[in-house]
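Those sequence lines, one after another, are chains A and B. In terms of the working numbering, the first sequence has 133 at position 133, counting the first letter as 1, and numbering is strictly consecutive. Plus 429 on top of the position in the second sequence (first one is 1) and you've got the working numbering. Note that CB positions come from ideal geometry on N, CA and C, so glycine has one too. It should be emphasised that the depicted structure is a prediction, and the values quoted were computed from it without experimental measurement. Report on one structure; see the data block that follows.
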Amino acid sequence: MQTASPAVPTPGVSKSALPKTDVRTLLISGAAGCAVGVLPLILGASQPAQLLITAAAAICGGLVTRATQRAAHPAPADAALTPRPIVAAGTEPARRAPADESRTAGVGRNVAQDLAELEPLFSVTHEQLRSIVTQTEEAATAILTSLEALNAAQVRSAGCITDTRERIVGFAEQSDTALHTLAQSLGTYLDGRLRETRAERSTVDAAAEQMRGLDTLIVSLEKVGASTRMLALNANIEASRAGIHGAGFKVIARELQDLAQASQAAMTEARSQVSNVQRTIAQVLTADHGAEGTHSEQQRLEALMTELDGIARTTTQVLLGMVRTDLAEIASQTSAVGDQVLSVFGQVQFQDVVRQQIEAVDESNAMLHQCLDGLRQGLIGAESEVSIRPATILESARSRYVTQIQRRVDAQALGKATAGTDAPDIELF
Amino acid sequence: MFRILIVDDSPTILASMSGILSSAGYAVERAANAEEALKKIQSGLSPALVITDYHMPGMHGVQLIQELRKLTQTRFTPMLVLTTESQQEKRDEARKAGATGWLVKPVQADKLLQVVRQVAPSLQACAA
Numbered sequence: 001m002q003t004a005s006p007a008v009p010t011p012g013v014s015k016s017a018l019p020k021t022d023v024r025t026l027l028i029s030g031a032a033g034c035a036v037g038v039l040p041l042i043l044g045a046s047q048p049a050q051l052l053i054t055a056a057a058a059i060c061g062g063l064v065t066r067a068t069q070r071a072a073h074p075a076p077a078d079a080a081l082t083p084r085p086i087v088a089a090g091t092e093p094a095r096r097a098p099a100d101e102s103r104t105a106g107v108g109r110n111v112a113q114d115l116a117e118l119e120p121l122f123s124v125t126h127e128q129l130r131s132i133v134t135q136t137e138e139a140a141t142a143i144l145t146s147l148e149a150l151n152a153a154q155v156r157s158a159g160c161i162t163d164t165r166e167r168i169v170g171f172a173e174q175s176d177t178a179l180h181t182l183a184q185s186l187g188t189y190l191d192g193r194l195r196e197t198r199a200e201r202s203t204v205d206a207a208a209e210q211m212r213g214l215d216t217l218i219v220s221l222e223k224v225g226a227s228t229r230m231l232a233l234n235a236n237i238e239a240s241r242a243g244i245h246g247a248g249f250k251v252i253a254r255e256l257q258d259l260a261q262a263s264q265a266a267m268t269e270a271r272s273q274v275s276n277v278q279r280t281i282a283q284v285l286t287a288d289h290g291a292e293g294t295h296s297e298q299q300r301l302e303a304l305m306t307e308l309d310g311i312a313r314t315t316t317q318v319l320l321g322m323v324r325t326d327l328a329e330i331a332s333q334t335s336a337v338g339d340q341v342l343s344v345f346g347q348v349q350f351q352d353v354v355r356q357q358i359e360a361v362d363e364s365n366a367m368l369h370q371c372l373d374g375l376r377q378g379l380i381g382a383e384s385e386v387s388i389r390p391a392t393i394l395e396s397a398r399s400r401y402v403t404q405i406q407r408r409v410d411a412q413a414l415g416k417a418t419a420g421t422d423a424p425d426i427e428l429f
Numbered sequence: 430m431f432r433i434l435i436v437d438d439s440p441t442i443l444a445s446m447s448g449i450l451s452s453a454g455y456a457v458e459r460a461a462n463a464e465e466a467l468k469k470i471q472s473g474l475s476p477a478l479v480i481t482d483y484h485m486p487g488m489h490g491v492q493l494i495q496e497l498r499k500l501t502q503t504r505f506t507p508m509l510v511l512t513t514e515s516q517q518e519k520r521d522e523a524r525k526a527g528a529t530g531w532l533v534k535p536v537q538a539d540k541l542l543q544v545v546r547q548v549a550p551s552l553q554a555c556a557a
């Protein structure tokens, strides 16, 4: 008769997790060994056969013990994933301890219930991840819309600056040309006026000279008139002396006297008119301010032209200075804005990278959900439609990695070094 | 007018790339997937440059390049892959399929324009 062999640890279950072999198990094992050991007596076998049968008995006892313990303390993983036949309440195998079985079943039901309560979490998590993707997409779209408007405004601004610069340069050139032309026109006009003035003065001087000659002539004529009057008077006197024989001569003397008087009146009138003309000429000469006044006016006009020329030059320099400095600075700033707009256009692409990473996390979340659902069904004894082992979740996630960031984060999470170096972001074949 | 054809299932990427290239004066045509791109080319579009994503619903980017290389009008057209994919095997696959280059998202605007000028020098930037 053999005693039951010591308890053998069930594969997959640590020795420390096993309780000590209970009394019932030992009794059963012992009974089995005894039954086998009695056989030689019944059969009347020889000693070698008895030894063999005894050994078989010990082996049977051990096997029974092992089977009994495995039934009482199954491996948790195997028990969760291996589909079990649905067992109605109260019909568990007789070899199991009722208290352990009920406790295990109760724990299993509690765990299953806990897992069931996780159900809405996965749905919520999935929707949250979708919401994140949607929000980032909407934000990126809004940013791109603003960028397009900003870019359009920047292009228009640059165009306005270019147009303004061209107009200012054109205006400066036109202004400069116009003022130079005006100055030249004034100069030409003044030269002409000066020549005309000088010619007029010469004419006036000539007229004054002629008046002076005429005055001399009038003086001579007045002398002639005085002599004529004297002659007429003497003729009248002699005619009176001649008496009756001088009557004809008296008439001639009278006519001569009338002629002298008329001549004198004419001379007086002529002198008066000559005086008037001389006075007018004098006034004209006075209005011209003389030669010195004309020269002074010329100098003032030349000064005015020089001032106009200076204004033209200064205006041109100021305008061109504005174009070179102020407008150039504005153009430079506008160009810098354009460069930044371009840069942001590229940076917005992060949304697509993040979207793919979030979708990968969402797929892993869905697999985890299926895995836990399988475990829950296993705990309640139902058959799971899809069986996903926990170890495959991470493997599946890794197989879907596309970015270097995902691989790097994976390695960092596990404290591993990233394999290899990053390939270049831009490669032309 | 020669155009640049951009193929990507992400509206963000389509808008981003259009913004960069349009700002630089290039004419741009968009397609949301490979099938739409093929349809446009078969309808008469003759792009001077194709920039395609890798991962798209249906036909992926490298398959699109293989199909375009069979067409007369796009046999010698430069084609770039713009993707988040970082596996060297995928990059080699694209090279063998006839891709001209490989760009990883997000791509900087100035570098993208530099690559465009390099692979398509005859493509004139003009007012859009």
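- Rounded to whole angstroms, L542/B and L450/B show a C-alpha spacing of 7 Å.
- Judged by DSSP in its simplified three-state form, A460/B adopts strand.
- V155/A carries a helical assignment under DSSP once its states are collapsed to helix, strand and coil.
- For T125/A, the CB contacts under 6 Å within the same chain, skipping 5 residues up- and downstream, are N365 in chain order.
- If you look at I388/A, you'll find it isn't in any beta strand (DSSP E); DSSP assigns it neither H nor E.
- Within chain A, the residues whose beta carbon sits less than 8 Å from that of V536/B are G346, Q349, D425 and I426, listed in sequence order.
- Here the region 234-252 of chain A makes no contact with the region 181-199 of chain A; the two share fewer than three CB pairs at distances below 8 Å.
- Sequence-distant partners of F122/A (beyond 5 residues in either direction) whose C-beta falls short of 7 Å from its own C-beta, in its chain, are N365 and H369.
- Proximity to R355/A across P440/B, L497/B, F505/B and L474/B peaks at P440/B, based on C-alpha coordinates.
- Under the Cβ distance rule, D352/A counts among the residues neighbouring chain B, one pair being separated by less than 7 Å.
- The beta carbons of L118/A and L372/A sit about 6 Å from each other, so the pair counts as a contact at 8 Å.
- Considering only A105/A, S131/A, R130/A and N151/A, the residue with the shortest C-alpha distance to T334/A is N151/A.
- For the pair L144/A and V348/A, the CB atoms are nearer than the 7 Å cut-off.
- Counting every other CB atom within 10 Å of its CB across the protein chains shown gives N276/A a total below 16, marking it as exposed.
- Residues of chain A whose Cβ lies closer than 9 Å to the Cβ of E514/B are, in chain order, V402 and T403.
- Going by beta carbons, W531/B and V545/B fall outside the 7 Å limit.
- The Cβ neighbour count for M211/A, taken over all protein chains shown within 10 Å, is at least 16; the residue is labelled buried.
- In the displayed model, I435/B falls within a strand according to three-state DSSP.
- Listed in chain order, the non-local C-beta contacts of V341/A below 7 Å within the same chain comprise L147, L150, N151 and Q154, local neighbours out to five positions each way being set aside.
- Distance between G490/B and S475/B, taken at the CA atoms: about 18 Å.
- Contact between E238/A and G246/A holds: their C-beta atoms lie close to 7 Å from each other, under 8 Å.
- In this structure L493/B touches V436/B by the C-beta definition: roughly 7 Å separates them, less than 8 Å.
- In the DSSP assignment, T441/B falls within the unbroken alpha helix (DSSP H) covering P440 to S452.
- Its chain contains I161 as the residues whose beta carbon lies nearer than 6 Å to that of A331/A, once the 5 sequence neighbours on both sides are disregarded; these appear in chain order.
- Taking a beta-carbon distance threshold of 7 Å, Q356/A counts as an interface residue toward chain B.
- The beta carbons of A183/A and M305/A sit closer together than 7 Å.
- Judged by DSSP in its simplified three-state form, M485/B adopts coil rather than helix or strand.
- Under a criterion of Cβ atoms nearer than 7 Å, the residues of chain B adjacent to A140/A are, in order, T441.
- Nearest in C-alpha terms to Y483/B, of all of I470/B, Y455/B, A528/B and F505/B, is A528/B.
- Nearest in C-alpha terms to S131/A, of all of V409/A, E359/A and S202/A, is E359/A.
- Contact between I433/B and L478/B holds, since their C-beta atoms are separated by about 5 Å, short of 8 Å.
- By the C-beta density criterion, D352/A is buried, having at least 16 other C-beta atoms within 10 angstroms.
- One Cα belongs to T136/A, the other to D163/A, and the distance between them is close to 40 Å.
- Given a length threshold of 4 residues, each whole run of the alpha helix (DSSP H) inside the region 345-399 of chain A is given here in chain order: 350-379 and 390-399.
- Counting C-beta pairs with one atom in each stretch, the region 221-236 of chain A and the region 259-274 of chain A have three or more that are closer than 8 Å, which means they touch.
- Within the region 95-110 of chain A, contact with chain B at the beta-carbon level (separation under 7 Å) is assigned to no residue.
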